[in-house]
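One structure is given below, encoded as C-alpha cells.
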Amino acid sequence: MGKHEEALAQELQRKGFSRRDVLRIGLRLGLGAASMGMLLAACGQTVSEPAKDAGGDAAAEPASESIFDITAGDTGAWPKSAVAEPGDKIEISVGHTWDAVFFERQLQFDKLFMQRHPNITVKAENTPWGEYRQKYTAAAAGNAMPDILYTQFSWAQETIRSGLYIALDDYIAKEKDFNLADFTKPSLVSYQYDGKLWGIPYDEGPGNLYYNKELFDAAGEAYPDDSWDLEKLKAVAIKLTKGEGPNKIFGLGELPSPGDSLMAPNYLFPFGAQYLSEPKEDECLINKPDAVTAMEWWEELRTKGAIPSPADLQNVAWPSFQFGKIAMTLQGSWATPPIQAGSKFKWDIAKWPKGPKAHTTFSAGSAYMITRDSKQTDAAWLYMNEYLSTAGQTYMWASTGRGSPSRLSAWPAYLGSKFAPAGAKNVEEAMSQGIGTHDILDQPTGPRVTQAAGPIWDLVVAGQKSVKDALDEIFAAVDPIIAENRK
Amino acid sequence: MTNAQPTPITTPPNRKPKIGGMARKEERSFYLFILPWIIGFLLFDAGAIIASFGISFTNWSALSAPAYVGTLNYSRLIADSVFYKAMGNSLYYGLGSVGLGTIVSFLLALLLNQNVWGMSLFRTIFYLPSVVSGIAVAILWIMILHQDFGLINSFLAWFGIKGPGWLVQPQWAMPSLILMSLWSAGGSMVIYLAGLQSVPTHLYEAAEIDGADTFQKFWTVTVPMMSPVILYNLIVGFIASIQGFVTVYVMTNGGPANATLVYGLYIYRTAFINFQMGYASALAWVLLVVIILITVVQFTVARYWVYYEGDLKS
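Note that the protein sequences, when read in sequence, are chains Z and F.
Using my numbering, the first residue of the first sequence is number 6, and each one after it goes up by one.
Using my numbering, the first residue of the second sequence is number 605, and each one after it goes up by one.
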C-alpha cells in the first residue's frame, strides 16, 4: 500500500469514519481508483483489488510504490524506430496530469523505456488537473514547455492553431510499422489540422450506459442490451425511479445541457437534430424544430423526477453513480476505474441506445504532442513512438484497466485483462461500429459556446424558462461566437 | 528697554525642516523595514502590472505572439453583457458582504469587549473560522447550505419554514455566498476590538455625567471614535470582496445561470479557458479603475462621518 494512503487510512480508521465518508473524502481529494480501493479496504471494507500476476518478480529490487507490477502488461513487442538513437546522453521532459496512483505506472514505463534507450533520460512532470492548463499556458508564453505535452481534445485545436506543436507526419512517414489505420477514426479528429497530424492520441472512449444491476434485479427489469432504444431507456428510467428524500433512487443520472460540449451525439443526433453544424461548427442549429422537440422529449424525464436535481447532486461527490442511487448513467469509458473502485454493487456497461433517426454516442480522448520548444525532437519521437504503440498502450491503458486505448490492436489486451467489466466488448464495438462519433464541440470556440449556453439552460433546469425560449436565447448568444468559424 | 517683538523662527518655504540624529535613525529604520516589501513588489508585481497594461492593447492567447489591436479590448468590453453581469455580481457581493460583515463584526466586537469570565476563549472561538482555509470553508458551507439536509434548512424546518435551494436557485445563490462571508467576521472583529479598547474612558465618563444612556453613549462616543476603524474595514473589505474568486470557483463555479459569476472568475475564464489574455488584462484594468473610483468616493464621503480624535466639527 502507498504510504500516503496507509497514513490516511489509519487516520480515518482511528476516527471511525463510515464507508460513505471515506468515499466522499477520497473523491474530494481527487484520489484515483486504486487509492480509493486501498482506503476502503483499510477501513474494513471489501474491495476487489487487482490481483498480482502469478510468479511475481522475486528479484531483490526495492518494492515499487505502484500497485501494478512493473513487468505486468509488458509484451516486449516494442517498435524499432527508423529515427536514430541519440549518440550522447540527453534528457527529455514529458508533461502529464495523472492521479498519484497512475503516475507510479507512468514512472514504471519511463524506467523500462530508459533501460531500452540508455542515452535518453525521461523527466516526467506531473501536474494536478486543476492547475495543468494555467501552468503550461504560462510555460508556452515563456517558451519553456516540456518536450512532450499531454493535451485534451477540448483545447487541442486552439493550441494546435497557435503553433504550440510540431507536425508529426514526417516522423510517421519514416516508420514502416506506425500504421495510422490502427487508430480508431474518431481518435485522430481533434489532432488533425491543415492536412497534418499534430498529436498522437492515447485514448478515445465512447459514452457508455453504465447501469446498476442490483436496481434492475430489484425491479425485475432486464438489463440494457442492443435491442434497447431511447424510448425504452426513458421508460425504464421512469420505472426505476422510486422513493423520496435522501434514499430516493433515480432512473437516470443526467440530462442534456447545451453547456456540455459532448451533448449532441447522445441527445440530439438520434433524433436527427444538431447543436452546431459539424465539423466546422459555424452554424447554430439548436433552436431548429427537431432540436427543440428532442430537448423537450428529454426534459420529460426531469418533470417525472427521474433525474437528480442540482440540489440532489449536491449531496454526493461527482460522479454519483457509485453511491448506488442512480440506476443508469451516461459516462465516458474513462469513468470505469473510479466506478470499479467505488461501487459496492454489481454493475455493467451497455451501449448507449439508438434513437429513431441514428445510433450515436460521443467519443472523446486525449493525446500527446511534441512541443515547438523541444530541442530533442528525435528523442521525443522515440519516446512517443513507443509510448503510443500497441505495446505502450497495452502496458499503460489496457493491462491497467484504464481502458479505451486509441489503437484497435490494444483492445484485445484490455478485453482480456482482469480489470475489464463484462460489458467491455460494448465499448469496443461502439468504437469499431461507428457508433462513437467525434462530432462534439472541439473547435477553439467550444468553451465560449458552452459558457454562453450553460447559464441560459440553468434557468430551464430551475424551472424558470421554457425549453423553446431558452434555445432561442442560446442561438442568439452562440451565433456571434461561432461567426469566426465562418471565416 | 525696547518694545521690539521677538523675531519668529521660520523655516524657509520648500525646505524640509532639519531633523535630529534620532529622527534620522528612525527614518532609516522605516525605509529598511519596508524595503523587503518594496523589493518584492518591484521584482514580482510591478513588472507584471505594467506588462498587463500593455497586454490589454493586444490580442494575445499566450500561446503565440501578441498582435496589437489598440483599444479594441476596451470597446469590446463596453458591449459585453457578461462583463456587466460579472461586475454587477461582484458589486452586489461586495456591498452585501461588507455591509453585513461590518455590522456583525462590530456587534461581535462590542459583545467581546465585556469584562466577563472566559472572554479570551470566546474571542478565540469567534476568530478561529477566519483562519480556516478557503477551500475547506467552501466545502463545509456546501453542506451547510444543502437544500434538503443542510443545517440552515433543517433549522428553518423546526419553525415550519421550507428553506430555499440556497446554492441551486439563481435568486438565492448570491445571498448564500453573502451569508457565508459572515463566517470570516472574526478577522474584522479583532480590529474593531482593538479600536474599542483604545476609546478613551473619560469620554464615556463625561457622557454619563451629561446624562447619556447606553444607546446615547454608543451613538455619540463609541461610533464616532470607531469611525476611522470602520472606514478602514469598509475600504479594505470592499477591495477584497470585489476580487473574490476561490469560494465562488469551488462552490458554484459562477452558476446557476451566472448568478454568482463574479468578476475574478470571469477574468480567470477569459484568460485560462478561453485563452484571451489581452481581453482578460483589459478586464483587470477596468476592475482596478472601478476599485480606485469606489475608494475615492469612500474617502470623500468619509469627511462627513469619520471623526478623528482632536477634530473640531463645525
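Glycine residues also receive a C-beta, built at the ideal position from the N, C-alpha and C atoms.
Since the model is a prediction, treat every value here as computed from it, not as a measurement.
Short CB-CB distance (under 8 Å) between residue i and chain F
i: Gly310/Z; result: no
i: Asp208/Z; result: no
i: Leu169/Z; result: yes
i: Leu260/Z; result: no
i: Ala146/Z; result: yes
Cβ-Cβ separation, residue j to residue i (assumed contact under 8 Å), whole Å
i: Asn271/Z; j: Leu335/Z; result: 6 Å
i: Gly868/F; j: Phe849/F; result: 4 Å
i: Ser404/Z; j: Ser422/Z; result: 6 Å
i: Ser5/Z; j: Pro151/Z; result: Residue numbering for chain Z in the displayed model covers 6 to 492; residue 5/Z lies beyond these limits and cannot be assessed.
i: Val472/Z; j: Met300/Z; result: 5 Å
i: Pro211/Z; j: Gly428/Z; result: Pro211/Z to Gly428/Z, Cβ: 12 Å. No contact.
Within-8 Å CB hit, residue i to chain Z
i: Tyr780/F; result: Inspection of the sequence shows that residue 780/F is occupied by Ser rather than by Tyr. It does not; no Cβ of chain Z falls within 8 Å.
i: Val772/F; result: yes
i: Ala690/F; result: no
i: Asp684/F; result: no
i: Ser665/F; result: yes
i: Ala811/F; result: no
i: Asp752/F; result: yes
i: Gly859/F; result: yes
i: Asn862/F; result: yes
i: Phe876/F; result: yes
i: Gly769/F; result: yes
i: Phe879/F; result: yes
i: Arg628/F; result: no
i: Ser737/F; result: no
i: Ser831/F; result: no
i: Ser694/F; result: no
Per-residue DSSP class, three states only, for residue i
i: Trp762/F; result: helix
i: Asn217/Z; result: strand
i: Gln398/Z; result: helix
i: Gly882/F; result: helix
i: Leu732/F; result: helix
i: Glu501/Z; result: Residue 501/Z falls outside the range modelled here, since chain Z spans only 6 to 492, and no answer is possible.
i: Val99/Z; result: strand
i: Pro206/Z; result: strand
i: Ile898/F; result: helix
i: Lys201/Z; result: strand
i: Gly791/F; result: helix
i: Lys85/Z; result: coil
i: Gly658/F; result: helix
i: Ser232/Z; result: coil
i: Asn677/F; result: helix
i: Leu281/Z; result: strand
i: Glu343/Z; result: Per the sequence shown, the amino acid found at residue 343/Z is Pro instead of Glu. In this structure, Pro343/Z counts as helix in the three-state DSSP scheme.
i: Tyr672/F; result: strand
First through last residue of the alpha helix (DSSP H) which encompasses residue i
i: Met389/Z; result: 382 to 392
i: Ala109/Z; result: For clarity, residue 109/Z is Glu in the given sequence; the question names Ala instead. Per DSSP, Glu109/Z belongs to the alpha helix (DSSP H) from 105 to 121.
i: Thr851/F; result: 850 to 855
i: Ala242/Z; result: 235 to 245
i: Phe637/F; result: 625 to 644
i: Phe687/F; result: 685 to 715
i: Phe842/F; result: 827 to 846
i: Asn271/Z; result: 268 to 272
i: Arg407/Z; result: Looking at the DSSP string, Arg407/Z is not in any alpha helix (DSSP H), and its letter there is neither H nor E.
i: Val297/Z; result: 294 to 308
i: Leu193/Z; result: 190 to 194
First and last residue of the uninterrupted beta strand (DSSP E) at residue i
i: Ala355/Z; result: 352 to 356
i: Ala332/Z; result: 331 to 337
i: Leu816/F; result: As written in the sequence, residue 816/F is Ala, which differs from the Leu given in the question. It is not in any beta strand (DSSP E) - Ala816/F carries neither H nor E in the DSSP assignment.
i: Tyr908/F; result: Counting along the chain, Tyr908/F falls outside any beta strand (DSSP E), and DSSP gives it neither H nor E.
i: Lys257/Z; result: It is worth fixing the name first, because residue 257/Z is Leu in this sequence and not Lys. Per DSSP, Leu257/Z belongs to the beta strand (DSSP E) from 255 to 257.
i: Tyr872/F; result: First-last for Tyr872/F: 867 to 872, but that is the alpha helix (DSSP H), not the beta strand (DSSP E).
i: Ser368/Z; result: 366 to 375
Residue i CB to nearest heavy atom of the ligand NAP below 7 Å
i: Gly700/F; result: As far as ligands go, the structure on display features none, and thus does not contain the ligand NAP.
What are the start and end residues of each continuous alpha helix (DSSP H) run of 4 or more residues lying completely inside the region 128 to 187 of chain Z, in chain order? 134 to 146, 158 to 166, 174 to 179
Requested in this report: Taking only runs that begin and end inside the region 735 to 789 of chain F, name each unbroken alpha helix (DSSP H) of 4 or more residues, in chain order.
Outcome: Secondary structure remark: continuous alpha helix (DSSP H) runs of at least 4 residues inside the region 735 to 789 of chain F, in chain order: 738 to 748, 755 to 762, 774 to 785.
Requested in this report: Quick one: which unbroken alpha helix (DSSP H) runs of 4-plus residues sit fully inside the region 416 to 486 of chain Z? Chain order, please.
Outcome: 416 to 420, 429 to 437, 451 to 466
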